[in-house]
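Trainee: Okay, handing you the structure first.
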Amino acid sequence: MGQSHSQTQVHAHDVSKEVRRYLIIFGALLIGTVITVLASYVNFGSPRMNIIVALIIASVKAFLVAGYFMHLLSERKMIYAMLVATVFFVIGLMYLTVWSMEPSSLIHIKR
Amino acid sequence: MDIPYTTHEREDTGLYNAKLGIWLFLASEVMLFGALFSAYILLRVGAEPGTWPHGLLNVPLGTINTLVLICSSVTVVMAWASLKMNQFNKFRIYQGITVLCALIFLVIKTFEYQDKFLHYEVIKNDGTIVDGHLVKKSADSITLHVSHGTHGKEKHDHKVQPVSGTNAAEASASPAAADHHEEVTVMMSDVKKMGNYGPKHNTYMAIYFTLTGLHGLHVIGGALVIAYLWLPGAKMWKTDPERFTNRIEVSGLFWHFVDLVWIFLFPVLYLL
Amino acid sequence: MQHSTTDTHHAGAHHDAHHHEELGFWRKYIFSTDHKVIGIQYALTSLVFLFIGFTLIALMRYQLAYPGQPIPIVGGLLDSLFKGMASGGVMSGDLYNAFGAMHGTIMVFLAIVPLAFAAFGNYVVPLQIGAPDMCFPRINMASYWVFFLGGVIMLVSFFIPGGPAQAGWTSYSPLAVIIPTDGQTYWLIGMVFLITSSLLGAVNFLATIIQLRAPGMTWMRLPFFVWAQFVTGFILLLAFPPLEAAGIMQLMDKVFGTSFFMPTGLMISGNPADISGGGSPLLWQHLFWFLGHPEVYVLILPAMGIVCEILCNNIRKPIWGYKSLVYSALAVGFISFIVWAHHMYLTGMGTAISTFFQTTTMIISIPSVIILTVFFISLWGGSMRFNTPMLFVLAFLPMFGIGGLTGLPLGFNFVDLHLHDTYYVIAHFHYVVAPGTIFALFGGIYYWYPKVTGRFMSESLGKIHFVTSFIFMNLIFQPMFAQGMAGMLRRMSDGGANYSVAQNPGVAGALSESVLYSNVLVSIAAWCLGLAQIPFIYNFLTSWKFGKKVTSDNPWQATTLEWQTPTPPPHGNFTTTPAVYRGPYEYSVPGAATDFSPQNEPLKTQKA
Numbered sequence: 049m050g051q052s053h054s055q056t057q058v059h060a061h062d063v064s065k066e067v068r069r070y071l072i073i074f075g076a077l078l079i080g081t082v083i084t085v086l087a088s089y090v091n092f093g094s095p096r097m098n099i100i101v102a103l104i105i106a107s108v109k110a111f112l113v114a115g116y117f118m119h120l121l122s123e124r125k126m127i128y129a130m131l132v133a134t135v136f137f138v139i140g141l142m143y144l145t146v147w148s149m150e151p152s153s154l155i156h157i158k159r
Numbered sequence: 079m080d081i082p083y084t085t086h087e088r089e090d091t092g093l094y095n096a097k098l099g100i101w102l103f104l105a106s107e108v109m110l111f112g113a114l115f116s117a118y119i120l121l122r123v124g125a126e127p128g129t130w131p132h133g134l135l136n137v138p139l140g141t142i143n144t145l146v147l148i149c150s151s152v153t154v155v156m157a158w159a160s161l162k163m164n165q166f167n168k169f170r171i172y173q174g175i176t177v178l179c180a181l182i183f184l185v186i187k188t189f190e191y192q193d194k195f196l197h198y199e200v201i202k203n204d205g206t207i208v209d210g211h212l213v214k215k216s217a218d219s220i221t222l223h224v225s226h227g228t229h230g231k232e233k234h235d236h237k238v239q240p241v242s243g244t245n246a247a248e249a250s251a252s253p254a255a256a257d258h259h260e261e262v263t264v265m266m267s268d269v270k271k272m273g274n275y276g277p278k279h280n281t282y283m284a285i286y287f288t289l290t291g292l293h294g295l296h297v298i299g300g301a302l303v304i305a306y307l308w309l310p311g312a313k314m315w316k317t318d319p320e321r322f323t324n325r326i327e328v329s330g331l332f333w334h335f336v337d338l339v340w341i342f343l344f345p346v347l348y349l350l
Numbered sequence: 344m345q346h347s348t349t350d351t352h353h354a355g356a357h358h359d360a361h362h363h364e365e366l367g368f369w370r371k372y373i374f375s376t377d378h379k380v381i382g383i384q385y386a387l388t389s390l391v392f393l394f395i396g397f398t399l400i401a402l403m404r405y406q407l408a409y410p411g412q413p414i415p416i417v418g419g420l421l422d423s424l425f426k427g428m429a430s431g432g433v434m435s436g437d438l439y440n441a442f443g444a445m446h447g448t449i450m451v452f453l454a455i456v457p458l459a460f461a462a463f464g465n466y467v468v469p470l471q472i473g474a475p476d477m478c479f480p481r482i483n484m485a486s487y488w489v490f491f492l493g494g495v496i497m498l499v500s501f502f503i504p505g506g507p508a509q510a511g512w513t514s515y516s517p518l519a520v521i522i523p524t525d526g527q528t529y530w531l532i533g534m535v536f537l538i539t540s541s542l543l544g545a546v547n548f549l550a551t552i553i554q555l556r557a558p559g560m561t562w563m564r565l566p567f568f569v570w571a572q573f574v575t576g577f578i579l580l581l582a583f584p585p586l587e588a589a590g591i592m593q594l595m596d597k598v599f600g601t602s603f604f605m606p607t608g609l610m611i612s613g614n615p616a617d618i619s620g621g622g623s624p625l626l627w628q629h630l631f632w633f634l635g636h637p638e639v640y641v642l643i644l645p646a647m648g649i650v651c652e653i654l655c656n657n658i659r660k661p662i663w664g665y666k667s668l669v670y671s672a673l674a675v676g677f678i679s680f681i682v683w684a685h686h687m688y689l690t691g692m693g694t695a696i697s698t699f700f701q702t703t704t705m706i707i708s709i710p711s712v713i714i715l716t717v718f719f720i721s722l723w724g725g726s727m728r729f730n731t732p733m734l735f736v737l738a739f740l741p742m743f744g745i746g747g748l749t750g751l752p753l754g755f756n757f758v759d760l761h762l763h764d765t766y767y768v769i770a771h772f773h774y775v776v777a778p779g780t781i782f783a784l785f786g787g788i789y790y791w792y793p794k795v796t797g798r799f800m801s802e803s804l805g806k807i808h809f810v811t812s813f814i815f816m817n818l819i820f821q822p823m824f825a826q827g828m829a830g831m832l833r834r835m836s837d838g839g840a841n842y843s844v845a846q847n848p849g850v851a852g853a854l855s856e857s858v859l860y861s862n863v864l865v866s867i868a869a870w871c872l873g874l875a876q877i878p879f880i881y882n883f884l885t886s887w888k889f890g891k892k893v894t895s896d897n898p899w900q901a902t903t904l905e906w907q908t909p910t911p912p913p914h915g916n917f918t919t920t921p922a923v924y925r926g927p928y929e930y931s932v933p934g935a936a937t938d939f940s941p942q943n944e945p946l947k948t949q950k951a
């Protein structure tokens with residue numbers, strides 16, 4: 049199998065810049081984790097708000113891991129399209145299932 | 079004919095085969111864990127108000143595990159970056175740290191699981207509850223180490239019976255009691271029902287064990303692959319360095335996913 | 344700095360340098376990584392399971408026609424194999440349920456899906472896109488053996504004390520968990536294996552179709568069969584995992600006593616169950632049907648793909664509306680994920696959510712009808728050849744039409760109140776799968792057999808097989824519509840005798856004599872259908888050695904790439920990477936020398 053040395057060198061140049069970025073993201077994730085734990089002791093008004101805040105913090109951390117460590121931000125359309133569809137279906141599954149089973153959606157039996 | 083695009087990318091998709099393959103697989107994993115999270119949401123929303131347990135899990139340990147996995151995520155991507163920069167020795171170090179982090183995670187998890195398996199709840203015939211860690215169990219009695227006030231914001235689930243007046247010393251204390259340890263022995267003949275805090279205990283423990291158990295299996299699987307590529311599999315660096323680098327990237331992607339799942343698991347199970 | 348597609352020529356030049364040494368018997372035929380061998384392995388295994396699944400229902404049909412009577416010939420064998428469940432050769436209710444659950448499971452997961460997706464897909468797709476093999480050959484091999492193991496586990500579950508799973512192929516909790524047999528555990532473990540195999544296969548198919556198309560094989564030049572397999576792959580990839588999650592949870596319920604699906608206050612035989620409660624049986628249903636509905640599109644899409652290939656080949660005309668086909672297939676795949684609760688109209692969901700699912704269900708019928716319409720319209724002006732594959736395909740069209748149209752009433756929640764869980768439902772889905780998918784699969788077998796073996800299957804036996812199967816399939820499933828509308832419910836081991844007019848005189852809605860007598864007619868038709876498969880089985884097994892030899896590599900004069908290879912295609916499929924210049928169905932091109940122009944034939948204006 050042929051090795052393209054010039055290709056490796058081009059990548060090496062890009063990658064060393066990337067390394068700094070990885071370390072910055074690492075720091076952000078550590079801080080994010082501390083915030084996650086601290087935020088759990090704060091009451092944001094209602095249980096729903098607490099959950100939303102926790103999920104937002106988690107989503108930001110997830111975005112950093114996926115976007116930078118997994119290079120999603122530099123991938124092409126193909127992967128995005130697939131992941132968007134996946135996320136749509138997962139959310140659909142969660143939302144529709146909960147909607148259908150929440151007591152307020154059940155048929156009311158008038159006595 | 080050899081299969082094309084195993085090492086170099088196909089121009090119109092910008093991907094080599096294994097990278098597309100792992101992303102497809104990760105999409106299915108998103109659905110898998112998503113379904114379990116849906117189950118969690120449903121069980122929690124469907125539970126009687128006020129009965130969902132809190133404080134049964136050790137937050138400091140969970141936080142440490144979160145940090146450990148985040149560390150391993152960084153080291154695994156640094157391992158790949160080192161290979162891209164032709165620094166095999168650095169790769170070896172980073173990859174090794176990744177494996178070490180995985181092991182630390184698993185050890186802590188085992189410790190947490192063990193804690194739950196040894197934590198018993200004994201409901202006596204008269205309705206009182208004795209709740210603590212197992213000291214010894216025999217055919218005719220069970221001895222628990224009951225420590226009061228250590229479980230922070232503990233709120234028992236709906237099965238808790240009201241304490242009857244007589245055996246105050248053996249009843250579970252109110253959170254206001256000072257930190258107080260004692261060994262309590264209950265005769266089996268007095269026991270109405272007993273069980274440990276395993277998956278059977280309540281739906282919270284059930285979903286906790288299932289989610290973290292499945293996640294743990296993924297940690298083990300990922301760790302095995304990364305360990306293989308760290309040691310015996312690294313031979314390929316000499317014969318086909320680009321393909322080897324791709325393998326590190328692809329296994330790294332899986333590992334990041336394992337970290338991602340934990341980033342959601344931790345607040346959902348431990349904090350909320 | 345990207346490498347262009349000359350990579351493959353680069354690899355081709357190396358071919359002699361690392362010439363594969365001759366593989367031994369085991370590596371060549373048993374543990375092979377060649378997609379063609381794996382395709383044949385899947386085909387043979389799934390046909391065996393098709394036979395087993397059919398045998399189960401053939402036995403059950405005796406009980407339905409003559410409830411309480413000992414089964415002739417095999418009654419004694421059943422008694423000794425399934426101790427306590429068939430005393431005196433009479434099928435007990437438990438055994439009926441066991442056979443019913445396993446008939447569904449085996450037919451769907453061990454027969455049709457592996458045959459339609461894995462067998463045909465594995466053999467044909469890499470050839471049709473001009474690839475040397477699947478993207479990940481070793482994973483391909485692994486997916487077959489995991490499937491095989493899953494099948495073994497399912498079969499073993501028949502013979503353990505207590506018998507196999509007995510709560511329907513849908514395995515609803517809490518029943519599935521509380522039936523005192525380990526068969527349910529085996530079923531769940533078997534399902535985990537089968538789902539894993541499907542996932543590995545789906546990843547392989549998707550990656551292969553995306554990455555390994557030959558130069559010139561653009562997306563819109565793909566044969567529709569490849570598009571169908573592509574969408575099927577996506578459905579399998581994304582819809583199966585929630586069932587895997589649910590399966591794990593049900594396994595936890597059964598083995599570790601958790602209460603994911605076990606409600607609070609559950610009583611078993613008058614005693615409170617020893618569980619924590621707090622779970623929800625509805626959760627199982629949602630997770631199951633989240634797969635269950637897309638699964639039916641897994642069953643039909645590859646069949647539609649096969650239909651398109653055979654149709655165009657035998658009308659000597661391009662398909663009318665290729666783009667409509669493609670977009671409809673994509674739409675069906677996508678929408679299939681948001682219709683699932685139409686299987687759950689009777690669970691007490693609110694009207695808002697029922698309406699949501701009803702609406703999406705109506706919407707999904709549109710692309711399905713478009714696909715069928717495209718096939719029908721294409722027939723117009725065609726120069727038809729009536730060989731055996733074409734007969735099956737022509738029959739598919741109205742049969743799938745009946746199956747699909749009879750699904751519409753079921754999609755309306757108010758009509759479904761009457762029809763849910765009746766024989767109408769059985770008739771509907773069997774029409775789609777039996778004279779629908781299975782006919783397309785039969786057609787595919789007769790069509791591609793010459794490429795795989797170098798010999799034709801016998802046309803006369805094929806025509807007998809077709810005519811008899813067609814007649815008997817209709818005789819089996821037509822009466823079931825009437826039975827269902829009369830109110831006869833599913834899964835009744837006595838065939839509805841308990842609800843008959845005879846046993847319930849004067850009760851409105853009791854099942855009439857004619858409804859019950861239909862059971863006898865249907866059963867006889869079913870056994871005749873079984874006999875009608877004998878010419879096929881004989882044909883399939885002997886034509887390999889004694890069939891009429893093909894005189895060319897492209898005996899059907901087809902345009903797609905799999906016919907432009909040697910017969911059978913060698914390891915690596917193409918000696919040099921094919922280059923594709925045309926669309927997939929260039930039949931009767933004006934000005935061309937022959938009435939078909941293969942995809943890799945250069946246009947007249949270009950040099951080869």
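Residue numbers (our numbering), protein chains in the order written: chain A, 49 to 159; chain B, 79 to 350; chain C, 344 to 951. Glycine included, each C-beta is placed from N, C-alpha and C at the ideal position. In this text the structure is predicted, and so the values were computed from the model without any measurement.
Considering only C-alpha positions, which residue in the set C:Tyr924, C:Thr731, C:Ala922 is nearest to Trp899 (chain C)?
Mentor: Trp899 (chain C) has its Cα closest to that of C:Thr731, out of C:Tyr924, C:Thr731, C:Ala922.
Trainee: Please report how far the alpha carbon of Met572 (chain C) lies from the alpha carbon of Leu131 (chain A), in whole angstroms.
Mentor: Correcting the residue type first, residue 572 (chain C) is Gln in the shown sequence and not Met. Approximately 19 Å between the Cα atoms of the pair.
Trainee: Give every residue of the same chain whose Cβ lies closer than 8 Å to the Cβ of Lys891 (chain C), excluding the five residues on either side of it in the sequence, and list them in chain order.
Mentor: Excluding sequence neighbours, Lys891 (chain C) sits near Arg798, Phe799, Ser801.
Trainee: How many Å lie between Ser516 (chain C) and Glu123 (chain A) at the Cα?
Mentor: For Ser516 (chain C) and Glu123 (chain A), the distance between alpha carbons rounds to 43 Å.
Trainee: Got a sec: which bits of the segment 675-695 of chain C sit with their beta carbon under 9 Å from any beta carbon on chain A, in order along the chain?
Mentor: So the close ones are Phe677, Phe680, Ile681, Trp683, Ala684, Met687, Thr690, Gly691, Met692, Gly693, Thr694, Ala695.
Trainee: How far does the alpha helix (DSSP H) with Asn95 (chain B) in it reach, from first residue to last?
Mentor: Segment 95-124, the alpha helix (DSSP H) holding Asn95 (chain B).
Trainee: Got a sec: does the ligand MG put a non-hydrogen atom nearer than 7 Å to the Cβ of Ser866 (chain C)?
Mentor: The ligand MG is not part of the structure shown, which contains no ligands of any sort.
Trainee: Do Lys270 (chain B) and Lys214 (chain B) have their CB atoms nearer than 8 Å?
Mentor: Taking 8 Å as the Cβ cut-off, Lys270 (chain B) and Lys214 (chain B) do not qualify as a contacting pair.
Trainee: Return the CA-CA distance between Asn245 (chain B) and Gly205 (chain B), expressed in angstroms with no decimal places.
Mentor: Residue confidence is low: Asn245 (chain B) scores 40 on pLDDT, short of 50, so the model does not pin down where it sits. Its coordinate-derived value is still stated next. Near 10 Å, if we compare the C-alpha coordinates of Gly205 (chain B) and Asn245 (chain B).
Trainee: Please state if the CB of Ser389 (chain C) and the CB of Pro480 (chain C) are separated by a distance shorter than 8 Å.
Mentor: No, the pair does not count as a contact, with Cβ atoms beyond the cut-off.
Trainee: Quick one: which residues of the segment 297-314 of chain B get their C-beta closer than 7 Å to a C-beta of chain C? List them in chain order.
Mentor: Listed in sequence order: no entries.
Trainee: Count the other C-beta atoms from every protein chain shown that fall within 10 angstroms of the C-beta of Trp369 (chain C), then say buried if there are 16 or more, exposed otherwise.
Mentor: Classification for Trp369 (chain C): exposed.
Trainee: Spatial neighbours of Phe700 (chain C) within its chain, please: C-beta separation below 7 Å, excluding the five flanking residues on both sides.
Mentor: Hits under 7 Å: Val682, Ala684, His685.
Trainee: Between Tyr70 (chain A) and chain B, is any beta-carbon pair separated by less than 8 Å?
Mentor: Interface residue, yes.
Trainee: Considering Asp209 (chain B), what are the terminal residues of the alpha helix (DSSP H) in which it resides?
Mentor: Note, Asp209 (chain B): premise wrong, no alpha helix (DSSP H); beta strand (DSSP E) at 207-215.
Trainee: Could you give the distance in angstroms between the alpha-carbon of His211 (chain B) and the alpha-carbon of Pro345 (chain B)?
Mentor: The alpha-carbon atoms of His211 (chain B) and Pro345 (chain B) are separated by roughly 26 Å.
Trainee: So, does the CB of His279 (chain B) fall closer than 8 Å to a CB anywhere in chain C?
Mentor: Closer than 8 Å to some Cβ of chain C, the Cβ of His279 (chain B) qualifies, so yes.
Trainee: Just to check my reading of the structure: Gln593 (chain C) and Ala510 (chain C) have Cβ atoms closer than 8 Å, yes? What is that Cβ distance to the nearest angstrom?
Mentor: About 10 Å; that fails the 8 Å criterion.
Trainee: Return the residues of the segment 140-151 of chain A that lie within a Cβ-Cβ distance of less than 9 Å from chain C, sorted by chain order.
Mentor: Here the close residues are Gly140, Leu141, Leu144, Thr145, Trp147, Ser148, Met149, Glu150.
Trainee: Taking the continuous alpha helix (DSSP H) assigned at Asn274 (chain B), which residues delimit it?
Mentor: Counting along the chain, Asn274 (chain B) falls outside any alpha helix (DSSP H), though it belongs to the beta strand (DSSP E) covering 269-274.
Trainee: For Phe577 (chain C), I'd like the list of residues in its chain whose CB is within less than 8 Å of its CB, leaving aside the five on either flank, ordered along the chain.
Mentor: Same-chain partners within the cutoff: Ala545, Leu549, Gly676.
Trainee: Using a Cβ-Cβ cutoff of less than 7 Å, which residues in the same chain neighbour Leu470 (chain C) once the five nearest sequence positions on both sides are dropped?
Mentor: For Leu470 (chain C), where only same-chain residues beyond five positions count, the Cβ hits under 7 Å are Leu904, Glu905, Thr908, Pro912, Asn916.
Trainee: Compute the distance between the beta-carbons of Glu929 (chain C) and Pro661 (chain C), then report whether it is under 8 Å.
Mentor: Yes; because the gap between Cβ atoms is below 8 Å, this pair is in contact.
Trainee: Indicate whether Val489 (chain C) and Leu531 (chain C) have their beta-carbon atoms separated by less than 8 Å.
Mentor: Taking 8 Å as the Cβ cut-off, Val489 (chain C) and Leu531 (chain C) do not qualify as a contacting pair.
Trainee: Measure from the alpha carbon of Glu652 (chain C) to the alpha carbon of each residue in C:Val598, C:Ser812, C:Val736, then state which is nearest.
Mentor: Measuring from the Cα of Glu652 (chain C), the nearest candidate turns out to be C:Val736.
Trainee: Give the C-beta separation of Ser106 (chain B) and Met142 (chain A) to the nearest angstrom, bearing in mind that I take them to be a contact with Cβ-Cβ under 8 Å.
Mentor: So it is not a contact: roughly 16 Å between Cβ atoms.
Trainee: Specify the secondary structure class of Thr910 (chain C) as computed by DSSP and reduced to three states.
Mentor: Of the three classes helix, strand and coil, the one that applies to Thr910 (chain C) here is coil, per DSSP.
Trainee: Whose C-beta lies closer than 7 Å to the C-beta of Ile713 (chain C) among residues of the same chain, with five residues either side of it excluded?
Mentor: Within the same chain, Ile713 (chain C) has close Cβ partners Ser667, Ser671.
Trainee: Measuring CA to CA, which of C:Trp663, C:Leu753, C:Asn756 is closest to Gly724 (chain C)?
Mentor: Answer by Cα proximity: C:Trp663.
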